[in-house]
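For the sequence shown, position 91 matches number 91 in full-length UniProt numbering, and the numbering has no gaps at all. Glycine residues also receive a C-beta, built at the ideal position from the N, C-alpha and C atoms.
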Amino acid sequence: MKSGVEVLLKDGKYYLSDDILLSDLQLKSLEEHGDITPPNSAPPGPELKVHPVTGMPLSADAGKAVGQYPTSYNMWAMVRYVYGPSLSSVQREIMRLAIEHWEANSNVRFYNATGMPTVDPTYGFAYPYIEFVNGNDVNSSQIGRNANGGRQELKIQSASWAFPEVVGNGIHELGHAIGLDHEHNANDRDNFINLNLNNVLPEKRYNFNRRTTNYHQIGAVDFQSVMIYDSQAFASSPNLIVMTRKSDGSTFSGNDVTSGTDRKWVNNLYIPYIARSDVYRELADIVYKTDNTVMTAQERQQFQAQLNNGNPYPPAGGRIPNDHSRYQ
Ligand SMILES: [Zn+2]
């Protein structure tokens with residue numbers, strides 16, 4: 001494109017990297033500015049000090065993972081999703097288990113809106129939501145919430161029942177949907193990874209472009225991250241090595257579950273809400289702090305009060321069902 005950024009056109013859709021689908025707004029911004037976020041909508045680089053929505057201070061050690069620069073336009077309160085009609089029962093199970101992994105280990109929360117209205121009945125705006133669809137041989141997702149609102153797609157491969165790798169795919173794609181990027185695309189990854197692009201076909205090399213603006217990242221590349229690919233990713237023939245650790249030249253594999261630093265990135269930026277029909281912001285029993293430790297009961301209650309104009313007590317009867325195993 002005219003900005004010089006390489007993207008992949010596949011089946012009428014544009015991808016920034018192998019599995020990162022671009023929204024129309026992101027594509028336009030890439031074309032005009034060379035970045036998926038327009039300039040001045042967010043400061044560049046890792047200087048984020050407070051939460052973009054709550055204004056609360058973030059840990060100086062705010063997750064050694066890399067992701068989009070968070071704003072109130074690209075993050076979720078709860079991640080609204082639907083199971084699409086094209087999914088196989090195995091694909092539904094993959095996504096349900098992937099959601100359970102994130103919810104059991106971090107502050108991010110998902111809301112199952114399968115079969116529910118896609119437009120707010122009172123105000124008429126389109127709810128932002130993810131539809132999980134059958135990707136055939138493809139896994140893909142957008143990064144973060146689509147700033148336009150409305151539907152965005154997450155594709156999940158049709159796969160035989162092979163644990164844990166297939167659930168790892170779901171966890172990885174949900175990682176993109178909540179804002180995480182690939183570790184091997186981090187701006188400073190060359191400090192941690194030896195990259196041999198001679199072993200990658202020219203048309204695949206865009207998968208190793210660095211993310212140079214509008215990212216949020218502190219610290220080193222995390223080799224335990226669910227967002228890193230293995231040493232042979234996109235190798236032009238099976239025995240070739242593309243990436244090794246800079247520290248000792250060793251190879252590494254991908255990961256099927258989140259690392260502590262993946263979770264730190266998320267725990268800094270998400271708040272674990274319980275689905276309610278009213279405006280009260282009720283917290284889940286377990287709330288992670290920015291260092292991945294769990295808030296005490298007292299800390300949790302103080303935080304809940306802070307989120308609700310000083311009132312720590314949720315009104316009775318406001319909770320609504322939110323069952324991740326409801327498929328229609
Ligand atoms: Zn990915």
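Within 8 Å of the C-beta of Glu-173 there is at least one heavy atom belonging to ligand 1. Uninterrupted beta strand (DSSP E) stretches at least 3 residues long and entirely within the segment 110–164 occur at 110–112, 129–134, 151–156, given in chain order. DSSP places Ser-89 within a helical segment (H, G or I) once states are collapsed to three.
In the structure shown, the three-state DSSP call for Met-95 is helix.
By the Cβ neighbour-count rule, Gln-26 is buried, with 16 or more other Cβ atoms within 10 Å of its own. Counting C-beta pairs closer than 8 Å gives fewer than three between the segment 249–259 and the segment 202–219, which falls short of the contact rule. For Ile-286, the three-state secondary structure derived from DSSP is coil. For Val-79, the uninterrupted beta strand (DSSP E) run begins and ends at 79–83, by DSSP.
Taking C-beta separations shorter than 8 Å and ignoring five residues to either side along the sequence, the partners of Glu-282 in its chain run Tyr-273, Ile-274, Arg-276, Gln-304, Pro-314, Gly-318, Arg-319, following chain order. Membership of Lys-246 in any beta strand (DSSP E) is not indicated, and neither H nor E is assigned to it by DSSP. Listed as beta-bridge partners of Asn-74 by DSSP are no residues whatsoever. Taken through DSSP and simplified to helix, strand or coil, Val-279 comes out as coil. With three or more CB-CB distances shorter than 8 Å, the segment 106–114 counts as touching the segment 72–80. Residue environment for Ala-297: exposed (fewer than 16 other C-beta atoms within 10 angstroms of its C-beta). A direct Cα-to-Cα measurement between Phe-234 and Leu-197 gives close to 10 Å. When rounded, the separation of the alpha-carbon atoms in Pro-202 and Phe-125 is 43 Å.
In the structure shown, His-172 adopts helical secondary structure according to DSSP, grouped into three states.
Relative to ligand 1, Ser-17 has its C-beta within less than 8 Å of a heavy atom.
Assignment of Ala-297 by DSSP, reduced to helix, strand and coil, places it in the helix class. If you compare the alpha carbons of Met-227, Gly-254, Asn-194 with that of Asp-248, the shortest gap goes to Asn-194. If you look at Leu-180, you'll find it isn't in any alpha helix (DSSP H); DSSP assigns it neither H nor E. In the DSSP annotation of this structure, the continuous segment of the alpha helix (DSSP H) that includes Leu-269 starts and ends at 260–269. Checking the 8 Å criterion, the Cβ of His-101 is out of range of every heavy atom belonging to ligand 1. In the DSSP secondary-structure assignment, His-216 is bridged to Gly-67.
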